[in-house]
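A quick write-up on the structure given underneath.
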Amino acid sequence: EKIAALGLRVKRGGCYHGLSLNVDIDLADFARINPCGYPGLQVTSLKKLGLSMNMQQATWKLMSELCVQLNILNISEQRS
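Heads up: the sequence shown begins at 1 in the UniProt record's numbering, then just goes up one per residue.
Laid out in structure tokens, this is it:
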């Protein structure tokens with residue numbers, strides 16, 4: 001099941017990027033499209049997986065984990 005998406009586009013020397021994470025959304029909307037171009041791909045969310053958190057909590061958790069995986073200083077440490 002798909003819970004997130006990552007996108008990258010390079011055009012005229014510029015780089016555009018994005019990340020989405022399904023926190024607490026209406027998954028029925030995905031029935032009208034082919035997520036990532038894959039017909040029948042199932043989509044899930046943190047809420048559906050039993051992880052109850054709001055957008056701010058999910059954002060900080062994702063940023064903290066990305067910092068760990070990329071071996072960089074945690075964002076909360078940079079703010080102090």
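Positions of the beta carbon are idealized from the N, C-alpha and C atoms, including for glycine.
request  = Would you check if there are 3 or more beta carbon pairs closer than 8 Å linking the stretch 30-38 to the stretch 62-76?
outcome  = no
message = Distance check for H17 and L41, CA to CA, integer angstroms please.
response = Approximately 23 Å, taken between the alpha carbons.
Where the alpha helix (DSSP H) through S64 begins and ends = M55 to Q69
query = Contact between the stretch 7-24 and the stretch 50-70: three or more CB pairs below 8 Å?
reply = yes
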